[in-house]
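Trainee: These protein sequence lines are chains B and D, in that order. The first sequence runs 11 to 294 under the working numbering. The second sequence runs 11 to 294 under the working numbering. For every residue, glycine included, the Cβ atom is placed at its ideal position computed from N, Cα and C.
Protein chains: 2
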Amino acid sequence: MNWYTEQWSTECKFSIKYDEKLYSEKTPFQQIDFYKGKEFGTFFTLDGLMMVNEKDEFIYHDMIVHPAFATNPNIKKVLIIGGGDGGTAREVLRYSSVEEVIMAEIDERVFRLCQQYLPITAETVEQDSRMTLLFDDGLNFVKNASDASFDLILVDSTDPISVGEGLFTTAFYEECYRVLNKDGILINQHESPYFAEYAQNMKKAHKKIKDIFPITHVYQYHMPTYPSGHWLFGFASKSYDPIKDIDINKWESFGLKTKYYNTSLHIGAFSLPTYVKEGLDADE
Amino acid sequence: MNWYTEQWSTECKFSIKYDEKLYSEKTPFQQIDFYKGKEFGTFFTLDGLMMVNEKDEFIYHDMIVHPAFATNPNIKKVLIIGGGDGGTAREVLRYSSVEEVIMAEIDERVFRLCQQYLPITAETVEQDSRMTLLFDDGLNFVKNASDASFDLILVDSTDPISVGEGLFTTAFYEECYRVLNKDGILINQHESPYFAEYAQNMKKAHKKIKDIFPITHVYQYHMPTYPSGHWLFGFASKSYDPIKDIDINKWESFGLKTKYYNTSLHIGAFSLPTYVKEGLDADE
Numbered sequence: 011m012n013w014y015t016e017q018w019s020t021e022c023k024f025s026i027k028y029d030e031k032l033y034s035e036k037t038p039f040q041q042i043d044f045y046k047g048k049e050f051g052t053f054f055t056l057d058g059l060m061m062v063n064e065k066d067e068f069i070y071h072d073m074i075v076h077p078a079f080a081t082n083p084n085i086k087k088v089l090i091i092g093g094g095d096g097g098t099a100r101e102v103l104r105y106s107s108v109e110e111v112i113m114a115e116i117d118e119r120v121f122r123l124c125q126q127y128l129p130i131t132a133e134t135v136e137q138d139s140r141m142t143l144l145f146d147d148g149l150n151f152v153k154n155a156s157d158a159s160f161d162l163i164l165v166d167s168t169d170p171i172s173v174g175e176g177l178f179t180t181a182f183y184e185e186c187y188r189v190l191n192k193d194g195i196l197i198n199q200h201e202s203p204y205f206a207e208y209a210q211n212m213k214k215a216h217k218k219i220k221d222i223f224p225i226t227h228v229y230q231y232h233m234p235t236y237p238s239g240h241w242l243f244g245f246a247s248k249s250y251d252p253i254k255d256i257d258i259n260k261w262e263s264f265g266l267k268t269k270y271y272n273t274s275l276h277i278g279a280f281s282l283p284t285y286v287k288e289g290l291d292a293d294e
Numbered sequence: 011m012n013w014y015t016e017q018w019s020t021e022c023k024f025s026i027k028y029d030e031k032l033y034s035e036k037t038p039f040q041q042i043d044f045y046k047g048k049e050f051g052t053f054f055t056l057d058g059l060m061m062v063n064e065k066d067e068f069i070y071h072d073m074i075v076h077p078a079f080a081t082n083p084n085i086k087k088v089l090i091i092g093g094g095d096g097g098t099a100r101e102v103l104r105y106s107s108v109e110e111v112i113m114a115e116i117d118e119r120v121f122r123l124c125q126q127y128l129p130i131t132a133e134t135v136e137q138d139s140r141m142t143l144l145f146d147d148g149l150n151f152v153k154n155a156s157d158a159s160f161d162l163i164l165v166d167s168t169d170p171i172s173v174g175e176g177l178f179t180t181a182f183y184e185e186c187y188r189v190l191n192k193d194g195i196l197i198n199q200h201e202s203p204y205f206a207e208y209a210q211n212m213k214k215a216h217k218k219i220k221d222i223f224p225i226t227h228v229y230q231y232h233m234p235t236y237p238s239g240h241w242l243f244g245f246a247s248k249s250y251d252p253i254k255d256i257d258i259n260k261w262e263s264f265g266l267k268t269k270y271y272n273t274s275l276h277i278g279a280f281s282l283p284t285y286v287k288e289g290l291d292a293d294e
């Protein structure tokens, strides 16, 4: 019997039975492993942490992409940092109004292996003519990008360890601010409020972003295969407020069928439990 | 090394390290086990399933109790079915406006052991003069109760197996309807949308309740130690709507400090993901 096991904290762990280990590779950046099982289908891990699986990837990818588009339906130029599995790009490319998508993923092997083993996320991305794939460090990319050149930045990163670390720094968020135009929105993978280590990351990221962007919110979603299942994205922007400015009719007019996201959930997702709000408001 | 392990589905499991097994007992109704560890403090299981732990019991108990009181702040007579750990009663008794609470818990040993090992939920309940503790089958109790004798029924049950099974039947929900007064509200433990077995229970319960009550909703919360962390309560009522009728000012005037619940979250919790809504709306 084969079990993939992930420690959610020192004192607890989550395990998934798999039928087959599809592939393993150590790249210059990280350890990549692909598995296949019944409950979650094919899934892959980076440095031993669950990234994407066929059962619930739709939750993460709906929630990283659609709230920004329902807030500003005129988004045309999108930068994705990380997101090597392709799922975030896949959702962005569903908007025919989007003109250009640049994805800066540091590890090309993640994308190539997802093309092979996880077509549900990676299959359609590369062939879209609006798409530019850059296998480059995200922090490096934004440093060299022009001022005010994007409507939306999606930071689809790992936890702030190894390759993900630079994507949780003030220097990175400042560059994001600079390369976003005057209506720009930054969405970032914002960790989780429940287990201590993740909650620390959540607080640190929020404090840094709050010091840079005039409008900052955090929204939540149910992601069962991430530690605690209670996971967050940050919404930071220069002008748009995700609650006041949501354009429900316009978003509905796109006619996108989504399995997790809907405009009612959009509003609800920004209503956080008291202990989460207090954690975000607390000074470190 | 000691690990408590719970299968969340055939193919995955959640494990908690514990330092000490505090107590075990097989009652006529179920197997009861108490453990103590670092991450979750003291916790107990019934028939091998996590019921309550010191780290996140506040989430469950906030969410089973406060949405009903924010919808109808005039609740005075409350019936709790199950809830042997005492946490639900504890939260209800915080409302000084409540005049009478009856708790019908089938297994007295659950309550007595929680008094001993889990004072955080059970300690203050028995001494409150408004409280009547009945160690009786919940279905039996409602069958013999008078018409229109309660403002609120809280079904704080296990899954629909063994002792919890009768609390997921049409016969039980019909009796609940009868013993609720014209403004009565029924809140029930409504399982989870993510893993197939729990999702089936969710659908079945909703279908039965919808056939009996004129107003029915389902609301969600993040409960990390229950399978998938995505858990639900049902809100059924004869006249009050939990969104339209929420009395935010009145609830705030109670001055209750809550760690999870707040009135903004109340509204958000009723906004369900699309796949959950579709599951609830689907005919079995």
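With 16 other CB atoms within 10 Å as the buried threshold, where does B:N272 fall?
Mentor: When all chains shown are included, B:N272 counts as buried.
Trainee: Could you check whether the Cβ of B:L282 sits closer than 9 Å to any Cβ belonging to chain D?
Mentor: It does; some Cβ of chain D falls within 9 Å.
Trainee: Go ahead and pull the three-state DSSP assignment for D:Y28.
Mentor: Note: D:Y28 maps to strand in three-state DSSP.
Trainee: Is D:S263 buried or exposed, if buried means 16 or more other CB atoms sit within 10 Å of its CB?
Mentor: Exposed: under 16 other Cβ atoms inside 10 Å.
Trainee: Any beta carbon of chain B sitting closer than 9 Å to that of D:F79?
Mentor: With 9 Å as the cut-off, D:F79 does not count as an interface residue toward chain B.
Trainee: Just list the alpha helix (DSSP H) runs in the stretch 201–258 of chain B, keeping only unbroken ones of 4 residues or longer that don't cross its boundaries, in chain order.
Mentor: For the stretch 201–258 of chain B, whole alpha helix (DSSP H) runs of length 4 or above, ordered along the chain, are 206–220.
Trainee: When the Cα atoms are used, what is the spatial distance from D:G174 to D:D57?
Mentor: Their backbone Cα atoms lie some 11 Å apart in a straight line.
Trainee: Terminal residues of the continuous beta strand (DSSP E) containing B:G194?
Mentor: Where B:G194 is concerned, the enclosing beta strand (DSSP E) stretches over L190 to Q199.
Trainee: First and last residue of the beta strand (DSSP E) that includes D:A155?
Mentor: Here D:A155 belongs to no beta strand (DSSP E), and DSSP marks it neither H nor E.
Trainee: Looking at chain B, which residues of the stretch 54–84 of chain D have a Cβ within less than 7 Å of any of its Cβ atoms?
Mentor: Cβ contacts with chain B come from no residue of the stretch 54–84 of chain D.
Trainee: Are any of the Cβ atoms in chain D nearer than 9 Å to that of B:E30?
Mentor: So, not an interface residue.
Trainee: Within 9 Å of any Cβ in chain D, is that where the Cβ of B:Y45 sits?
Mentor: Answer no: the Cβ-Cβ gap between B:Y45 and chain D never drops below 9 Å.
Trainee: Does DSSP classify D:L164 as helix, strand or coil?
Mentor: Residue state, collapsed to three classes: strand.
Trainee: Could you give the distance in angstroms between the alpha-carbon of D:P170 and the alpha-carbon of B:G148?
Mentor: Straight-line Cα distance between these residues: approximately 49 Å.
Trainee: Check B:E118 in the structure and name its three-state DSSP category.
Mentor: Here B:E118 sits in helix by DSSP.
Trainee: Name the residue from B:G278, B:L282, B:P283 and B:T284 whose alpha carbon lies nearest to the alpha carbon of D:L282.
Mentor: Cα-wise, what sits closest to D:L282 is B:G278.
Trainee: Report the option in B:D157, B:E109, B:E136 and B:S34 whose CA atom is closest to the CA atom of B:G96.
Mentor: Among B:D157, B:E109, B:E136 and B:S34, the Cα nearest to that of B:G96 is on B:E136.
Trainee: Identify which residue in B:S156, B:A155 and B:T98 has its Cα closest to the Cα of B:T134.
Mentor: The shortest C-alpha separation from B:T134 is found at B:T98.
Trainee: Should D:N63 be labelled buried (16 or more other beta-carbon atoms within 10 Å of its own) or exposed?
Mentor: Flag for D:N63 reads buried.
Trainee: With distances taken Cα to Cα, identify the nearest neighbour of D:L89 among D:T55, D:Y229 and D:A158.
Mentor: Closest option to D:L89, Cα to Cα, is D:A158.
Trainee: Flag this pair as yes or no: are the beta carbons of D:Q199 and D:T168 separated by less than 9 Å?
Mentor: Against a cut-off of 9 Å, the Cβ pair of D:T168 and D:Q199 comes out as a contact.
Trainee: Going straight from the alpha carbon of D:K269 to that of D:N191, what length do you get?
Mentor: In a straight line, the C-alpha of D:K269 is about 31 Å away from that of D:N191.
Trainee: Under 8 Å, with one C-beta from each stretch per pair, do the stretch 227–247 of chain B and the stretch 246–264 of chain D reach the 3-pair mark?
Mentor: Cβ pair count under 8 Å is below three, so no.
Trainee: So the candidates are B:H240, B:I116, B:V286 and B:L143; which of them puts its Cα closest to the Cα of B:T37?
Mentor: Among B:H240, B:I116, B:V286 and B:L143, the Cα nearest to that of B:T37 is on B:I116.
Trainee: Is B:E184 helix, strand or coil by DSSP?
Mentor: DSSP places B:E184 in helix when its eight states are reduced to three.
Trainee: Beta-carbon within less than 6 Å of B:K27's beta-carbon, same chain only, minus the 5 sequence neighbours each way: which residues are those?
Mentor: Within the same chain, B:K27 has close Cβ partners W13 and G47.
Trainee: Taking 9 Å as the CB-CB limit, is B:Q210 close to chain D?
Mentor: No, B:Q210 lies away from the interface with chain D (no Cβ there is under 9 Å from its Cβ).
Trainee: Taking Cβ-Cβ distances shorter than 7 Å, what residues in chain D pair up with B:N272?
Mentor: The contacting residues are T284.
Trainee: Select from B:E67, B:G94 and B:L164 the residue whose C-alpha is nearest the C-alpha of B:E118.
Mentor: Nearest C-alpha to B:E118: B:G94.
Trainee: What does the Cβ neighbour count give for B:M11, buried or exposed, with the cut at 16 atoms within 10 Å?
Mentor: Label assigned to B:M11: exposed.
Trainee: Within the 9 Å Cβ cut-off, does D:Q297 reach chain B?
Mentor: As displayed, chain D neither begins before 11 nor continues past 294, which places residue 297 of chain D out of reach and without an answer.
Trainee: Compute the distance between the beta-carbons of D:F280 and D:Y229, then report whether it is under 9 Å.
Mentor: In contact: D:F280 and D:Y229 (Cβ atoms closer than 9 Å).
Trainee: With 9 Å set as the bound, which would you pick, yes or no: does the beta-carbon of D:Y204 sit closer than that to a beta-carbon of chain B?
Mentor: For D:Y204, the answer is yes, since a Cβ of chain B falls inside 9 Å of its Cβ.
Trainee: My understanding is that D:L162 touches D:I85, with C-beta atoms under 8 Å, so please give their C-beta distance in whole angstroms.
Mentor: Right, the Cβ-Cβ distance comes to about 5 Å (below 8 Å), so this counts as a contact.
Trainee: By DSSP's criteria, D:I85 is part of a beta bridge. Which residues make up the other side?
Mentor: Answer by DSSP bridge pairing: none, since D:I85 is not bridged.
Trainee: Which residue's Cα is closest to the Cα of B:K65: D:K267, D:P203 and D:K213?
Mentor: Ranking D:K267, D:P203 and D:K213 by Cα distance to B:K65 puts D:P203 first.
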